[in-house]
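Residue numbers (the numbering used here): -2 to 399.
We put the CB at the ideal spot given by N, CA and C, even for glycine.
For clarity, every value in this text was computed on a predicted model and none was experimentally measured.
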C-alpha cells in the first residue's frame, strides 16, 4: 500500500438490497453488546435525603449521563477490586460489599462512592446479601458471564484472524460494538464482589443523615473530585476522622493490581494505531470507511480511557467507586461526544453494510468477497496472471499468483 494514500475507500452505499427483516437482526446484534455492558456496569442509584420534608432532589439527566461512559464503568470495576484488596483481614463483610457496590447521591455533594460514605452507611443497610461474595446463581453473575463471553468472543475472532487461522471480521453494522464488548473481559476482576442484592435507608431517618455527614467529611477532605483541580495530591486525607477498614493506596498489592488492570487496554493501543494508519501491514488492501472510522474511534477512546485511568490511579488510587471527574462539565461533554460518534459510526456502517454471497455481512467492497468467503467457486487455483472475476456481477480485475 502506498503510504501517501488513505487506507480507506470513500463512503460507499451498499445496503439497498438488505430486506427489513434482516435489518432487525443486524440492529439487534449491533445493540446487544452496548445494552449488556451498560446493564452490567451501571448500578441503580441510592438517593440519600436527610431532610424532614420528604422531598428528594434527584439528579438531573445530565448528571446521570457520565455513568454510561465506558470509562466510568471500568473505573468502578477497578475501584471495587482495589477496595477488596486493601480491606483489612476479617473486615470484608456482606454489608461492606453492598456499600461498595452502591451508587450514592446526596443533594449537597452529588455522586459519592468514597470509602468514607461506604463505611458510614454500612450501619444503615436495610437489606444485605447473604454472603461476602457474589452468588454463582445471582443476577450479577449472569451479567458477568454474558459480558465476559462477549469480550472473549471478540478477542478470539481478532486473535485468530491475526494468526491466520480465521478471516478477520469485517466491520458490518452487526459488529461495530465489538470495541465496547471487549471491555467486558475486565469485569472478571471484581466478579466475586459484585452484587445488587441490597437496600439502604435513604429516607429522613438517621441513616441518610449519617451518610450525608460522611459525604461532607469526604468532600471537605478531597473525597469527591475537588482534588482534581488541586496542585498536589490530597487523597491521603480521605479517611481522616473516619474509621475505615482499608489500607492506604500505597499498599503494594494494590499498586500492582492498578497496573495490571489497565495492561489489556494498553496492549490494544498498537493494534488500533496500526489499523488507523496507512502502511504495508494492510494486507487486504484499503478498508471501508466504516472499518477505518471504527479503528480511529476505538484508538481515540482507548487513549482517553488509559490516560484518565492512569491519572487517577497514579495520583490517589481507586479509592472511590465513582470516577472523581463525574461532576465535571468536560467529562459530561466527553461522554456525549462518545455516544454521538458511536451513533455516527452506526449510521455510516448501516449505509455500507451488504450481504456477501456466502451470507456474511461486510462493509468491504465486492473484490474482498474472495477473502471473506474462502472456499467458494470463484477462488482461483494454480493460476498466474490477470483475470476478471464474476460473482453475480463484475467485481473487477485481480492479479492472482498461486
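How long is the line joining the alpha carbons of residue 269 and residue 151, rounded to whole angstroms?
Counting from 1 along the chain shown, the entry for residue 269 is found at position 272. Counting from 1 along the chain shown, the entry for residue 151 is found at position 154. Taking the straight line from one Cα to the other gives about 14 Å.
Given a cut-off of 8 Å on the beta-carbon distance, is the pair residue 95 and residue 133 in contact?
Here residue 95 refers to the residue found at position 98 when the chain shown is read from its first residue. Here residue 133 refers to the residue found at position 136 when the chain shown is read from its first residue. Not in contact: residue 95 and residue 133 (Cβ atoms no closer than 8 Å).
Just curious, the alpha helix (DSSP H) that residue 313 is in, first and last residue?
As a first step, residue 313 is located in the chain shown; it is residue number 316 there, counting from the start. Note, residue 313: premise wrong, no alpha helix (DSSP H); not H, not E.
Check whether the segment 82 to 102 and the segment 327 to 336 touch, using three or more Cβ-Cβ pairs below 8 Å as the test.
Verdict: no, contact absent.
Residue range of the alpha helix (DSSP H) that residue 146 falls in?
Within the chain shown, the letter at position 149 stands for residue 146. Start and end: 136 to 160.
Can you give me the start and stop residues for the beta strand (DSSP E) that residue 43 sits inside?
Reading the chain shown from its first residue, position 46 is the one you call residue 43. 42 to 45 is the span of the beta strand (DSSP E), which, as asked, contains residue 43.
Less than 7 Å between C-beta atoms, sequence neighbours within five positions excluded: which residues of the same chain meet that for residue 217?
Reading the chain shown from its first residue, position 220 is the one you call residue 217. Legend: pLDDT at residue 217 = 44, less than 50; position of this residue unreliable, value from coordinates given subsequently. So no residue of the chain qualifies.
State yes or no: is the C-beta of residue 68 within less than 8 Å of the C-beta of residue 305?
Counting from one through the chain shown, the residue named residue 68 turns up at place 71. Counting from one through the chain shown, the residue named residue 305 turns up at place 308. In this structure, residue 305 lies closer than 8 Å to residue 68 by Cβ.
What is the DSSP secondary structure of residue 109, counted as helix, strand or coil?
Locating residue 109 in the chain shown gives position 112, counting from the first residue. Here residue 109 sits in strand by DSSP.
Quick check on residue 8: buried or exposed, where buried means 16 or more other Cβ atoms within 10 Å of its Cβ?
In the chain shown, counting from the first residue as 1, residue 8 sits at position 11. Classification for residue 8: exposed.
Residue range of the alpha helix (DSSP H) that residue 258 falls in?
Here the question's residue 258 lines up with position 261 in the chain shown. Note, residue 258: alpha helix (DSSP H), 249 to 273.
Using DSSP bridges, identify the partner residues of residue 352.
Translated into the one-based positions of the chain shown, residue 352 becomes position 355. According to DSSP, residue 352 bridges with 358.
Cα-Cα, which of 83, 342, 368 and 341 is closest to residue 353?
If you number the chain shown from 1, residue 353 lands on position 356. Cα-wise, what sits closest to residue 353 is 368.
So, is the C-beta of residue 71 closer than 8 Å to a C-beta in chain D?
Of the protein chains in this structure there is only one, and it is not chain D.
Give the DSSP-derived three-state secondary structure of residue 129 in the structure shown.
The count along the chain shown starts at 1 and reaches residue 129 at position 132. Residue 129: coil per DSSP, three-state reduction.
Identify which residue in 75, 130 and 74 has its Cα closest to the Cα of residue 90.
Residue 90 sits at position 93 when you count from the first residue of the chain shown. For the residues 75, 130 and 74, the minimum Cα distance to residue 90 belongs to 130.
According to DSSP, is residue 196 helix, strand or coil?
Looking up residue 196 in the chain shown gives position 199. In this structure, residue 196 counts as strand in the three-state DSSP scheme.
Let's test the definition: count the other Cβ atoms within 10 Å of the Cβ of residue 70 and tell me whether it reaches 16, buried, or not, exposed.
The residue labelled residue 70 in the question sits at position 73 within the chain shown. It is buried - the Cβ of residue 70 has at least 16 other Cβ atoms within 10 Å.
Taking the CB atoms as reference points, tell me whether residue 126 and residue 194 lie closer together than 8 Å.
The residue labelled residue 126 in the question sits at position 129 within the chain shown. The residue labelled residue 194 in the question sits at position 197 within the chain shown. The answer is yes: Cβ separation under 8 Å.
Just to confirm, are residue 38 and residue 80 a CB contact at a threshold of 8 Å?
Mapped onto the chain shown, residue 38 falls at position 41. Mapped onto the chain shown, residue 80 falls at position 83. Not a contact, by the Cβ cut-off of 8 Å.
Identify the residues that DSSP records as bridge partners of residue 122: which are they?
In the chain shown, counting from the first residue as 1, residue 122 sits at position 125. Residue 122 is bridged to 197.
Short check: CB of residue 318 to CB of residue 105, under 8 Å?
The residue given as residue 318 occupies position 321 in the chain shown. The residue given as residue 105 occupies position 108 in the chain shown. Against a cut-off of 8 Å, the Cβ pair of residue 105 and residue 318 comes out as no contact.
Please report the straight-line C-alpha distance between residue 202 and residue 120, rounded to a whole angstrom.
Numbered from its first residue, the chain shown carries residue 202 at position 205. Numbered from its first residue, the chain shown carries residue 120 at position 123. No answer about residue 202 holds up, because its pLDDT of 42 lies below 50 and its placement is not dependable.
Mind checking residue 10: buried by the 16 CB within 10 Å criterion, or exposed?
The sequence position of residue 10 within the chain shown is 13, counting from 1. That one is exposed.
Should residue 214 be labelled buried (16 or more other beta-carbon atoms within 10 Å of its own) or exposed?
Working through the chain shown from its first residue, we reach residue 214 at position 217. Because the pLDDT of residue 214 is 47, which lies under 50, any placement of that residue in the model is unreliable, and the number read from its coordinates should be weighed accordingly. Result: buried.
For residue 359 versus residue 169, is the C-beta spacing smaller than 8 Å?
What you label residue 359 is simply residue 362 of the chain shown in a count that begins at 1. What you label residue 169 is simply residue 172 of the chain shown in a count that begins at 1. Against a cut-off of 8 Å, the Cβ pair of residue 169 and residue 359 comes out as a contact.
Just to confirm the assignment: which complete alpha helix (DSSP H) runs, minimum length 4, are found wholly within the segment 14 to 101?
The qualifying runs are 17 to 38, 58 to 61, 67 to 83 and 91 to 98.
Can you check whether the CB of residue 258 is closer than 8 Å to the CB of residue 82?
Numbered from its first residue, the chain shown carries residue 82 at position 85. Numbered from its first residue, the chain shown carries residue 258 at position 261. Not closer than 8 Å, so no.
Looking only at its chain, what residues have a beta carbon closer than 7 Å to the beta carbon of residue 54, apart from the 5 residues adjacent to it on each side?
Taking the first residue of the chain shown as 1, we reach residue 54 at position 57. Here the set comprises 104.
Rounded to the nearest angstrom, what separates residue 470 and residue 295 at their Cα positions?
The requested residue 470 does not occur in the structure, where the chain is confined to residues -2 to 399.
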